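Undergrad: Take this structure first; my questions come after.
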Amino acid sequence: MEKVAIPKPFVWSADFQVFYKQLDDEHKTLFQGIFDCNEKKDCADTLKNLRAKIDFHFRNEEKAMDAASYECKDHKQKHKDFEAVLAGLPVPIPDDKIHYAMDWLVNHIKNTDFKYKGKLKLPE
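Under the UniProt record's numbering, the first residue of the sequence shown is numbered 1, with each subsequent residue one higher.
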């Protein structure tokens, strides 16, 4: 598994494209949500908003994988593990947890989500 560097600035780029418009758009919101948490570490609403975006995206992505009969048990577990970390975050959010979230997202997209490219039944 290739270790992916956290982009600076922390924004979505075409390098993270999975070629399903809905999922790419959702990935953009996850980048923005983590960026917002980094900018407003002491704002509980910003963290709550990120958790909601993560939940929305993970459920959509998992539905798409299930609909395509794509083997996703490990993928779903990675989602659950990340959600568990987010659920336990205090406010203000510690810098190491922001870094963890950034690192997790970029590596998850490139090393896990990229595996389903061309295998799901969603508009591209």
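Note that the Cβ used here is the ideal one computed from N, Cα and C, for glycine as well.
Here the structure is a predicted model, which means the values were calculated and not measured.
Considering only residues of the same chain and omitting the five flanking positions on each side of E26, which have a CB-CB separation below 8 Å?
TA: For the purposes of this step, residue 26 is taken as the residue at position 26 of the sequence shown. The answer, listed in chain order, is K53, F56, H57, N60 and E61.
Undergrad: Could you check where the alpha helix (DSSP H) with E2 kicks off and where it finishes?
TA: Your numbering for residue 2 matches position 2 in the sequence shown. Here E2 belongs to no alpha helix (DSSP H), and DSSP marks it neither H nor E.
Undergrad: Note down the Cα distance separating W12 from K28, rounded to an integer number of angstroms.
TA: What you label residue 12 is simply residue 12 of the sequence shown in a count that begins at 1. What you label residue 28 is simply residue 28 of the sequence shown in a count that begins at 1. Taking the straight line from one Cα to the other gives about 5 Å.
Undergrad: Reducing DSSP to helix, strand and coil, say where F58 ends up.
TA: Indexing the sequence shown from 1 puts residue 58 at position 58. Helix, per DSSP.
Undergrad: When the Cβ atoms of the segment 64-76 are set against those of the segment 1-18, are three or more pairs found closer than 8 Å?
TA: Touching, no.
Undergrad: Assuming G33 is part of the alpha helix (DSSP H), what are its boundary residues?
TA: In the sequence shown, the residue the question calls residue 33 occupies position 33. Unbroken alpha helix (DSSP H) run through G33: K21 to E39.
Undergrad: Nearest by alpha-carbon distance to D15: which of L120, C43 and D113 is it?
TA: Within the sequence shown, residue 15 is the residue found at index 15, counting from 1. Nearest option by C-alpha distance: D113.
Undergrad: Helix, strand or coil, according to DSSP, for Q77 in the structure here?
TA: Here residue 77 refers to the residue found at position 77 when the sequence shown is read from its first residue. Correct three-state label for Q77: helix.
Undergrad: Taking Cβ to Cβ, would you say K97 is nearer than 8 Å to L89?
TA: Against the sequence shown, residue 97 aligns to sequence position 97. Against the sequence shown, residue 89 aligns to sequence position 89. Yes, the pair counts as a contact, with Cβ atoms nearer than the cut-off.
Undergrad: I'd like to know whether the C-beta atoms of L122 and Y20 end up nearer to each other than 8 Å.
TA: Mapped onto the sequence shown, residue 122 falls at position 122. Mapped onto the sequence shown, residue 20 falls at position 20. Contact: yes.
Undergrad: Looking at the structure shown, is F16 part of a helix, part of a strand, or coil, going by DSSP?
TA: If you number the sequence shown from 1, residue 16 lands on position 16. If DSSP states are grouped into helix, strand and coil, F16 belongs with the helices.
Undergrad: Is the beta carbon of R51 less than 8 Å from the beta carbon of L86?
TA: Here residue 51 is taken as the residue at index 51 of the sequence shown, counted from 1. Here residue 86 is taken as the residue at index 86 of the sequence shown, counted from 1. Contact flag set, yes.
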